Amino acid sequence: MTRSADPADPSDVADWLTRRLAALLEIPAEEIEPTVPLDALGVSSLEEVTITADLEARYGLALPITDLRRHPTILALSAHLAGLPTAHEPHS
């Protein structure tokens, strides 16, 4: 799997995730508050699956969908992803 980015920088992940959610929800990115839970933003379970697949593809991660529920905001999820090893890094 080829990854196009490294999740080490939470702010980069948060920016990408904000733009991706805005596209999925068909709203301006400026209307998305990174501290609001995804379900409060109107993210459906189908959109959660899409976001999980997009994150896995973009960052080379194996990401359980439950991580979106354990880390329910853009900021929390971004910080979590930044701490995960990619498929191309050794697992500790």
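Read in order, the letters of the sequence shown are residues 0 to 91 in numbering that gives the first Met the number 0.
Note that beta-carbon positions come from the ideal geometry of N, C-alpha and C, so glycine has one too.
Note that this is a predicted model, so its numbers are computed, not measured.
CB of residue i within 7 Å of CB of residue j, strictly
i: Leu74; j: Thr34; result: yes
i: Glu47; j: Leu16; result: no
Residue i versus residue j: straight-line alpha-carbon distance, rounded
i: Ala22; j: Glu29; result: 12 Å
i: Ser77; j: Ser10; result: 7 Å
i: Ala39; j: Ile31; result: 10 Å
i: Arg69; j: Leu83; result: 14 Å
i: Asp8; j: Ala56; result: 17 Å
i: Ala13; j: Ile26; result: 16 Å
i: Tyr58; j: Arg18; result: 15 Å
Cβ-Cβ separation, residue j to residue i (assumed contact under 8 Å), whole Å
i: Leu37; j: Pro71; result: 6 Å
i: Leu45; j: Leu54; result: Rounded, the Cβ-Cβ distance is 15 Å, inconsistent with contact.
i: Leu60; j: Val42; result: Not quite, the Cβ-Cβ distance comes to about 19 Å (not below 8 Å), so this is no contact.
i: Ile64; j: Thr49; result: Between Thr49 and Ile64 the Cβ distance is about 10 Å, and since that is not below 8 Å, they are no contact.
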